[in-house]
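Numbering-wise (full-length UniProt numbering), the sequence shown opens with residue 1 and increments by one. See structure below.
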Amino acid sequence: MTTSLFETTIGAFEERMALRRKMLNVTGVTLPKRRIPKDVEDKIRDTIINCYECKSGDTCASWLATAEDGVPPPAFCPNRNTILRLKADGYTKEPGA
């Protein structure tokens with residue numbers, strides 16, 4: 001059975017979103033489930049696009065495999081500034097969570 005382009009694309013997207021979730025988790029960011037300001041919502045949405053289009057997927061996966069909880073995102077991460085802003089704005093997970 002062959003894999004369609006659609007399935008390949010969905011698979012690639014899901015892999016990138018798994019990296020994104022892990023990056024947010026490792027760096028200590030928790031996205032809110034409540035209504036948030038529009039500018040923050042836009043930044044969070046942009047992280048999805050930035051992550052999907054990033055050319056450092058293998059580097060990211062390697063970095064995440066050894067990163068300790070609470071570290072800042074690496075310099076190569078296109079979402080670094082957004083992650084740091086979210087942390088500074090208090091979108092952080094509880095210690096030990």
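All C-beta atoms, glycine included, are put in the ideal place defined by N, C-alpha and C.
Assumed close pair residue i, residue j - CB separation to whole angstroms, cut-off 8 Å
i   : j   : result
T47 : T92 : Contact flag wrong, Cβ pair sits at about 16 Å.
L84 : C51 : Going by Cβ atoms, the distance from L84 to C51 rounds to 15 Å, so no, they are not a contact pair.
Cβ neighbour criterion (16 or more within 10 Å) applied to residue i
i   : result
N81 : exposed
K55 : exposed
T9  : exposed
K43 : buried
G70 : exposed
R34 : exposed
G28 : buried
K38 : exposed
P32 : exposed
Sequence-distant residues of its chain with Cβ nearer than 7 Å to residue i (five each side left out)
i   : result
F76 : S56 and T59
Of the listed residues the options, nearest to residue i (C-alpha basis)
i   : options               : result
P73 : A12, N25, E15 and I49 : N25
Other residues of its chain near residue i: CB distance less than 8 Å, five sequence neighbours each side excluded
i   : result
D89 : V40
### Query
Curious, which full-length alpha helix (DSSP H) runs of at least 4 residues does the UniProt domain "DUF6455" (11-88) contain?
Fully enclosed alpha helix (DSSP H) runs of 4 or longer: 38-53, 57-66 and 80-88.
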